[in-house]
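Report on the structure given below.
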Amino acid sequence: MAPRSNVQHAPQPSPAPFDWGLAMGLGVPDFSARRFSANSASLAGIRRFTHRTMSLWGRHSCTDDVMIVVGELVANAVRHALAAHPDRHGWLGLMNTASTVTCAVQDPSPNSPLPRAATAHDTRGRGLLIIDELAHDWGYSLHGSAGKTVWAVVPTNTRFTTCTGTSCDSTTP
Numbered sequence: 004m005a006p007r008s009n010v011q012h013a014p015q016p017s018p019a020p021f022d023w024g025l026a027m028g029l030g031v032p033d034f035s036a037r038r039f040s041a042n043s044a045s046l047a048g049i050r051r052f053t054h055r056t057m058s059l060w061g062r063h064s065c066t067d068d069v070m071i072v073v074g075e076l077v078a079n080a081v082r083h084a085l086a087a088h089p090d091r092h093g094w095l096g097l098m099n100t101a102s103t104v105t106c107a108v109q110d111p112s113p114n115s116p117l118p119r120a121a122t123a124h125d126t127r128g129r130g131l132l133i134i135d136e137l138a139h140d141w142g143y144s145l146h147g148s149a150g151k152t153v154w155a156v157v158p159t160n161t162r163f164t165t166c167t168g169t170s171c172d173s174t175t176p
């Protein structure tokens, strides 16, 4: 895995229309999706669904990172899209590959997700920065007036660095 830079990630929308279900393998064994709304019971269901899916896939080493990424993506969809449209819903899609779990959230807002600099006193505004740290990559696709899909690719292997004396060695479990 290449070292991460300190440059803030500013994704650009995909140039072509994006069918997230097709691109993520809708209908294959390692794809799972769930609908959600802005109510608290639905959000608790998303947490249970994500945890259960990660357990079924045996992805214990990255479950915490995926749970955080999903939480941030869904919170952004609720706050910036579903709050204004209580009759609408969003979709969470999870796809398991050999070395990653892709998390994608579709919502009805056509507004692009923009990372922002949060001050030490802000209680919000750090979600995309957190995703940028935990994910190998992230971005979004606009669907015109139908909304957007925001996705993040979380590595399934955690690297450990062991240092002794003057040398360090990185290993993947």
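In the working numbering, each residue's number is its place in the sequence shown (first place is 1) plus 3.
Note that beta-carbon positions come from the ideal geometry of N, C-alpha and C, so glycine has one too.
Nothing here was measured: the structure is a model prediction, and the numbers come from that model.
Item                                                                                                                                               : Value
Can you list, in chain order, the residues of its chain whose CB lies under 6 Å from that of H139, leaving out five sequence neighbours each side? : V156, P158
Helix or strand or just coil, what does DSSP make of N160?                                                                                         : coil
Return yes when the Cβ of G93 is within less than 7 Å of the Cβ of V108, no when it is not.                                                        : yes
Nearest CA to the CA of A36: which residue from N42, A44, R55, S43?                                                                                : R55
My assumption, with CB atoms under 8 Å, is that G96 sits in contact with F34. Please give the rounded CB distance.                                 : 7 Å
May I ask you to report which of helix, strand or coil DSSP gives D33?                                                                             : coil
Please report the distance separating the alpha-carbon of D135 from that of M98.                                                                   : 18 Å
So for S45, helix, strand or coil by DSSP?                                                                                                         : helix
Quick one, are the C-beta atoms of I49 and V69 less than 7 Å apart?                                                                                : no
In the structure shown, what three-state DSSP assignment does G130 receive?                                                                        : helix
Among N79, L59, T53, which has the Cα closest to the Cα of R119?                                                                                   : N79
In three-state terms, what does DSSP make of A3?                                                                                                   : This structure leaves residue 3 out entirely; the chain is present only between 4 and 176.
Is G150 helix, strand or coil when you go by DSSP?                                                                                                 : coil
If you reduce the DSSP assignment to three classes, tell me which class S40 lands in.                                                              : coil
Does the separation of the CB atoms of V81 and A41 fall below 7 Å?                                                                                 : yes
Quick check on T103: does DSSP put it in helix, strand or coil?                                                                                    : strand
Taking the CB atoms as reference points, tell me whether P111 and A86 lie closer together than 7 Å.                                                : no
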